[in-house]
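Undergrad: Here's a structure for you.
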Amino acid sequence: MEQMKALNALEPFLALTKSASSPRAAADLITRATSAPNTFIFAELLQAPQIQALAESEDHSSHLTLLKIFSYGTYTEYRSTPSLPSLNEAQTLKLRQLSLLTLAKNQADLTYKSLLGHLGLETTRELEDLVISAIYAGLLNATLDPYHELVAISSVAPLRDLQPNSIPQMLVTLNEWSSRCVSTLADLERQIASIKAEAKRRHK
Numbered sequence: 003m004e005q006m007k008a009l010n011a012l013e014p015f016l017a018l019t020k021s022a023s024s025p026r027a028a029a030d031l032i033t034r035a036t037s038a039p040n041t042f043i044f045a046e047l048l049q050a051p052q053i054q055a056l057a058e059s060e061d062h063s064s065h066l067t068l069l070k071i072f073s074y075g076t077y078t079e080y081r082s083t084p085s086l087p088s089l090n091e092a093q094t095l096k097l098r099q100l101s102l103l104t105l106a107k108n109q110a111d112l113t114y115k116s117l118l119g120h121l122g123l124e125t126t127r128e129l130e131d132l133v134i135s136a137i138y139a140g141l142l143n144a145t146l147d148p149y150h151e152l153v154a155i156s157s158v159a160p161l162r163d164l165q166p167n168s169i170p171q172m173l174v175t176l177n178e179w180s181s182r183c184v185s186t187l188a189d190l191e192r193q194i195a196s197i198k199a200e201a202k203r204r205h206k
């Protein structure tokens with residue numbers, strides 16, 4: 003549902019790529035797309051020829067790098083990459099929300115301290131406001147635990163693009179998960195067999 007909403011929000015910007023005949027126009031389009039409400043996935047825009055052509059532009063190639071970060075990067079990457087365009091308020095909020103999604107996919111319980119560092123926030127109030135904004139935007143389901151300073155993640159919307167060359171690592175992860183499932187199932191079957199054998203012995 004949220005993915006379809008995000009795709010629909012991106013459609014007008016995909017249409018505008020056809021008229022983005024100059025590097026400046028393509029760069030401006032990136033700024034508008036990453037600032038707009040409900041645009042959270044950018045793979046199709048990133049693949050547009052007019053956008054990819056920015057790689058050859060001395061003045062605007064940094065906008066292409068910025069779009070890649072919005073597509074599958076994080077706020078930490080933005081801060082550590084030199085010479086990128088400044089973010090406006092809407093872009094800053096969105097990149098922090100997207101970064102929160104990435105962090106939430108890898109860990110069920112996120113500490114306030116860790117999130118403050120990753121998201122470049124100063125206070126717990128700012129962090130809690132960000133998490134609440136992400137919840138209201140339909141990006142994730144989570145519970146704030148101010149007492150333990152934790153954000154408990156229950157679900158995350160599939161709204162991050164895949165990083166290039168990430169599929170092999172995903173396959174490794176899935177294979178490891180599959181192996182763990184097989185091992186766990188085998189352990190359960192052995193336990194069940196042992197319980198049945200013990201029950202049978204007692205009824206003799």
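Residue 166 in my numbering sits at position 164 of the sequence shown, and the numbers go up by one each step.
For glycine and all other residues, C-beta sits at the position ideal for the given N, C-alpha and C.
The structure presented is a predicted model; accordingly, all values stated were derived computationally and were not measured.
Fully enclosed by the segment 22-90, which alpha helix (DSSP H) runs are 4 residues long or longer?
TA: The qualifying runs are 25-37, 45-49, 51-54, 63-74, 77-82.
Undergrad: Less than 8 Å separating the beta-carbons of L12 and T33?
TA: Their beta carbons are not under 8 Å apart, which means L12 does not touch T33 by this criterion.
Undergrad: Here's a check: name, in chain order, each residue in its chain whose Cβ is nearer than 7 Å to the Cβ of N22, leaving out the five neighbours to either side.
TA: The displayed chain sequence assigns Ala, not Asn, to residue 22. For A22, where only same-chain residues beyond five positions count, the Cβ hits under 7 Å are A28, L31, Q52.
Undergrad: Could you give the DSSP three-state label for A154: helix, strand or coil?
TA: The answer is strand: DSSP assigns A154 an E or B state.
Undergrad: How long is the line joining the alpha carbons of P25 and L68, rounded to whole angstroms?
TA: Approximately 14 Å, taken between the alpha carbons.
Undergrad: Helix, strand or coil: how does DSSP classify T125 here?
TA: If DSSP states are grouped into helix, strand and coil, T125 belongs with coil.
Undergrad: Report the three-state DSSP secondary structure of A144 (helix, strand or coil).
TA: Reduced to three states, the DSSP call for A144 is strand.
Undergrad: In angstroms with no decimal places, state the Cα-to-Cα distance between Y114 and L66.
TA: If you take the alpha carbons of Y114 and L66, they lie about 31 Å apart.
Undergrad: Taking the CB atoms as reference points, tell me whether Q5 and P160 lie closer together than 8 Å.
TA: Contact: yes.
Undergrad: With DSSP collapsed to three states, give me the class of D163.
TA: The answer is coil: DSSP assigns D163 none of H, G, I, E or B.
Undergrad: Within 10 angstroms of the Cβ of I155, are there 16 or more other Cβ atoms? Answer buried if so, exposed if not.
TA: I155 comes out buried.
Undergrad: Say whether the segment 98-113 touches the segment 141-156, bearing in mind that this needs 3 or more beta-carbon pairs closer than 8 Å, one atom from each stretch.
TA: Because the criterion of three Cβ pairs below 8 Å is met, the segment 98-113 and the segment 141-156 touch.
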